[in-house]
Amino acid sequence: MNFQVTVLKILVSYPDGFAVMEDLKRDMAILATSGRDWADRTKRLAARVPDLDIFSHRLVERIGGGWKITAKGRAVLEFMEARPAATEPIQASLVEEAPAPIVAATQVAPLRQPADRAKRRRERRERRREARERARASAS
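When you read off a place in the sequence shown, starting at 1, and then add 27, the result is the number in my numbering.
Structure representation (structure tokens):
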């Protein structure tokens, strides 16, 4: 499995391209154990850009406890996923010159941030605790 291609694919799957490290690790673990298909696919995609380095090419940036794919990262990923006209891999200089894609004006709900998840987790925990207490009380 190619780590850098996998990171790009995971980040692009989030609505605003941002994922906290906890989500990235969870998604990576799922894909890493999904079998040969994913590993073969990432190898094929990585072969299109042999000198891929998501941080030095500024395809991904680190922001507040997570990573976010840049417009340049989206463009490179689109190139990697496009049907190849020629079988030659592109050079790193082409990665650096990749044009920024035109972003459609679609409205996407913002990704819930970790504070929201923590609040929902606390609420679920409290509901479970209350349910256990009710079950113990009715069992007595």
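In this text, a Cβ means the ideal position worked out from N, Cα and C, and glycines have one as well.
Q) Taking the Cβ atom as the reference point for each residue, do K95 and F45 lie within a distance shorter than 8 Å? A) A distance below 8 Å separates the beta carbons of K95 and F45.
**Q.** G100: first and last residue of the uninterrupted alpha helix (DSSP H) it sits in
**A.** DSSP places G100 inside the alpha helix (DSSP H), whose first and last residues are 98 to 108.
Q: Might you give, ordered along the chain, the residues of its own chain that have their beta carbon closer than 6 Å to the beta carbon of R151, omitting 5 neighbours on each side?
A: Contacts found: none.
Q. Exposed or buried, A158, counting other C-beta atoms within 10 Å across all chains shown (16 or more means buried)?
A. It is exposed - the Cβ of A158 has fewer than 16 other Cβ atoms within 10 Å.
Q. If you compare alpha carbons, which of Q31, V87, A102 is closest to A74?
A. Checked all of Q31, V87, A102; the closest Cα to A74 is Q31.
(Q) Just to check my reading of the structure: V34 and I81 have Cβ atoms closer than 8 Å, yes? What is that Cβ distance to the nearest angstrom? (A) V34 to I81, Cβ: 6 Å. Contact.
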